[in-house]
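Working notes for the structure below.
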Amino acid sequence: MYSTGYGKRSKKIIDKIEAASRLFTEFVALMNNRLAATPIIDNPPLPAAVTGKTILKEG
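Under our numbering, the first residue of the sequence shown carries the number 1, and numbering increases by one thereafter.
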């Protein structure tokens, strides 16, 4: 247990944010791996940025 100057409640919130950011980072890496693994012919004619934004909006 380390002291950060935050209360226990803040510590829990920070832990949740860190866990969420780790999950998001893994998700992005997974998507990048899938995009890299699929041949260009099979990819939709949308740029990766657009598809990423639509996934985030719907999710």
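Every residue, glycine too, gets a C-beta built ideally from N, C-alpha and C.
Query raised in the report: Using the C-alpha atoms, what's the distance from Ile-13 back to Val-28?
Result: On the sequence shown, position 28 is the one that residue 28 refers to. On the sequence shown, position 13 is the one that residue 13 refers to. The straight-line gap from Cα to Cα measures roughly 22 Å.
Query raised in the report: Roughly how many whole angstroms lie between the Cα atoms of Gly-59 and Thr-25?
Result: The residue labelled residue 59 in the question sits at position 59 within the sequence shown. The residue labelled residue 25 in the question sits at position 25 within the sequence shown. Residue confidence for Gly-59 is low, a pLDDT of 44 falling below 50, so the modelled location carries little weight; the figure read from the coordinates is stated next. In a straight line, the C-alpha of Gly-59 is about 15 Å away from that of Thr-25.
Query - Rounded straight-line distance, which links the Cα of Lys-8 to that of Lys-16 - result: Translated into positions along the sequence shown, residue 16 becomes position 16. Translated into positions along the sequence shown, residue 8 becomes position 8. Taking the straight line from one Cα to the other gives about 12 Å.
Query raised in the report: By how many angstroms is the C-alpha of Leu-23 removed from the C-alpha of Leu-30?
Result: For the purposes of this step, residue 30 is taken as residue 30 along the sequence shown, with counting starting at 1. For the purposes of this step, residue 23 is taken as residue 23 along the sequence shown, with counting starting at 1. Roughly 10 Å separates the two Cα atoms.
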